[in-house]
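The structure under discussion appears below in the form of structure tokens.
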Amino acid sequence: MAESLMIEQANPVLEPDRFTPLQEADFQPVDPAYLKQLRLTLLPVLLLAAPLGWQLYQLPISLPLVASLALLIPGVAVLLMALFWAPRRYWLTGYCLRQHDLHLRTGALWRCTTSVTLNRIQHLEVSQGPLERLLGIARLLVYTAGGSGQDLAIPGLAKARADQLRLHVLQQLGEPEAGEREAAEGDA
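Quick note on my numbering: the sequence shown kicks off at 1 and runs consecutively.
Here it is as structure tokens:
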């Protein structure tokens, strides 16, 4: 009983009105090149679907309505995604770094906010695929204690911003030599 009382005193229950709210204005937008990346990832599907659709349209035979719709609907869906989903996804993606935690907001249709406390972070990586490198953007990958993989990936950051965030979080975690190590690696 005494042990239970000590736990309750060390970790008191918070009333909902005492929560620290995460305001919409706290989130930082990602780089505009992220919108280009989202649209360019849909490009291969359009490049395959458009010629195929055109060839089928040129056939001398008349396709049944069901077959025509089966070919038309996926192409229209990809086009709509490029026109509407990608910009919405871009506008709703943001991150927020506070003194004790890091938050990522994503989603075009289903919205998700993922939060990681800084004291749980094991290590951070800045990652770039070929398209991201071409566009000058990167992802900040956050790995936490007890996780089997990355627990948070902030996409669409300018490469310099991703490096800056990584360094800042490492310094927040008490690794001041991280900045010196980064500078030494940059000189090498």
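Note that CB positions come from ideal geometry on N, CA and C, so glycine has one too.
Since we're looking at a predicted model, the values are computed, not measured.
Applying the criterion that 16 or more other CB atoms from any shown protein chain within 10 Å of the CB defines a buried residue, is residue i buried or exposed?
| i | result |
| --- | --- |
| G136 | exposed |
| V169 | buried |
| R111 | exposed |
| P155 | buried |
| T254 | Not covered by the structure: residue 254. The range shown for the chain is 1 to 188. |
| I121 | buried |
| E132 | buried |
| Q98 | Residue identity differs from the one stated: residue 98 is Arg in this sequence, not Gln. Result: exposed. |
| R161 | buried |
| R18 | exposed |
Is DSSP giving residue i helix, strand or coil here?
| i | result |
| --- | --- |
| Q99 | coil |
| A108 | coil |
| I154 | strand |
| G94 | strand |
| L40 | helix |
| V116 | strand |
| L134 | helix |
| Q23 | coil |
| P29 | strand |
First and last residue of the beta strand (DSSP E) that includes residue i?
| i | result |
| --- | --- |
| E15 | No beta strand (DSSP E) contains E15, which DSSP labels as neither H nor E. |
| R139 | I137 to T144 |
| Q122 | I121 to S127 |
Check the C-beta distance from residue i over to residue j and give it rounded, since I have them as a contact under 8 Å.
| i | j | result |
| --- | --- | --- |
| A49 | P74 | 7 Å |
| C96 | Q28 | 7 Å |
| D101 | T117 | 5 Å |
Please confirm whether residue i has its beta-carbon closer than 8 Å to some beta-carbon of chain D.
| i | result |
| --- | --- |
| G129 | The structure shown contains no chain D; it is built from a single protein chain. |
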